[in-house]
Amino acid sequence: MSLLEGYGSTETNFAIATAPDSPRGGVMGWLRTGFEARVADEDDTALPPGEAGELLLRADEPHAFASGYFNMPEKTVEAWRNLWFHTGDRVVRDADGAFRFVDRIKDAIRRRGENISSFEVEQVLLSHPGVASCAVYPVRSELAEDEVMAALVARDGERIDPAELVHFCESRLPYFAVPRYIDVLPDLPRTENGKVQKFKLRERGVGPQTWDGRPAKS
């Protein structure tokens with residue numbers, strides 16, 4: 013049995029996918045027949061391959077996508093502006109046409125002039141044997157831009173040492189992406205279908221229980 017990767021949502025259908033004979037893995041996949049995709053900047057202008065931007069989608073056939081959000085006309089206009097559906101996902105289109113996920117745009121972190129993918133930091137944290145689940149998100153710095161904060165849940169029977177965890181990250185991430193703040197929690201706030209509610213963690217922010225590694229490097 014093989015595991016195939018792809019991209020879809022309740023609004024957009026399954027627009028991007030890999031196949032058993034795809035030339036490589038580790039990507040969302042390639043655009044499927046019947047759909048259009050654009051990686052765009054903040055003005056919805058198409059970006060060249062290799063540059064990260066928001067994934068915009070539309071379908072060739074009518075009614076292949078959702079037509080809007082129920083009783084939310086303002087959100088509908090915002091998401092479907094300029095005749096494209098704005099996914100809110102930051103992606104890169106490679107030269108061979110494959111799309112790679114970078115982050116949710118609202119979860120992106122900017123620290124010391126560097127753009128950090130919370131998704132990539134989470135993957136490193138989840139590779140630690142003591143971490144069962146985690147969420148990475150920005151908190152405001154006392155200087156400028158953001159600091160990286162992580163909320164973690166330990167595996168059963170394990171105890172997370174924040175200092176050891178940071179050391180683990182330092183050999184696997186660029187220095188600006190290593191979390192400065194760490195909260196170890198009994199569980200992460202989630203929706204009814206299990207999705208982590210990062211906005212609640214951002215609102216919670218840095219508290220008296222938060223481990224602060226050190227001031228960020230300049």
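For this note's numbering, count along the sequence shown from 1 and bump the result up by 12.
Every residue gets a Cβ at the ideal spot worked out from N, C-alpha and C, and that includes glycine.
Treat the numbers as computed from the prediction; the structure is a model and nothing was measured.
Could you tell me whether the Cβ atoms of residue i and residue j are closer together than 9 Å?
i: Asp-72; j: Arg-123; result: no
i: Val-89; j: Leu-68; result: no
i: Glu-154; j: Ala-78; result: no
i: Asp-106; j: Gly-37; result: no
i: Ala-175; j: Trp-223; result: yes
i: Pro-198; j: Gln-209; result: no
Pull up the CB-CB distance for residue i and residue j, whole angstroms please, since I reckon it's below 8 Å.
i: Ala-163; j: Cys-146; result: 7 Å
i: Ala-64; j: Val-103; result: 7 Å
i: Ala-76; j: Asn-25; result: 6 Å
i: Glu-66; j: Asp-101; result: 7 Å
Of the choices the options, whose alpha-carbon is the least far from that of residue i?
i: Ala-120; options: Ser-130, Asp-224, Glu-176 and Glu-126; result: Ser-130
i: Val-190; options: Ser-21, Gly-206, Val-160 and Arg-152; result: Val-160
i: Asp-195; options: Leu-185, Val-218 and Arg-184; result: Val-218
i: Asn-94; options: Pro-74, Arg-70 and Glu-170; result: Arg-70
i: Arg-184; options: Trp-96, Arg-202, Glu-132 and Gly-46; result: Glu-132
i: Phe-47; options: Gly-20, Tyr-193, Asp-33 and Ala-31; result: Gly-20
i: Ser-14; options: Ala-31, Ala-110 and Phe-26; result: Ala-31
i: Pro-186; options: Glu-126, Pro-85 and Asp-53; result: Glu-126
i: Pro-220; options: Leu-16, Tyr-193, Val-143 and Phe-82; result: Tyr-193
i: Gly-142; options: Asp-168, Ile-128, Trp-96 and Met-84; result: Asp-168
i: Val-148; options: Ala-49, Arg-214 and Asp-33; result: Arg-214
i: Ser-34; options: Val-151, Leu-16 and Asp-53; result: Leu-16
i: Gly-225; options: Lys-212, Phe-188 and Glu-204; result: Phe-188
Quick check on residue i - is its C-beta less than 9 Å from some C-beta in chain D?
i: Glu-48; result: As a matter of chain content, chain D is missing from the structure shown, which is built from one protein chain.
Original post:
Counting Cβ pairs, one atom from each stretch, are 3 or more of them under 8 Å apart for the segment 31-44 and the segment 116-135?
Top reply: no
Original post:
Where in the segment 147-202 do unbroken runs of the alpha helix (DSSP H), each at least 4 residues long, occur, reported from the N-terminal end onward?
Top reply: 174-182
Original post:
What beta strand (DSSP E) runs, 3 residues minimum, are completely inside the segment 29-90?
Top reply: 47-52 and 64-71
Original post:
Would you call the segment 173-191 and the segment 128-138 touching, i.e. three or more CB-CB distances under 8 Å?
Top reply: yes
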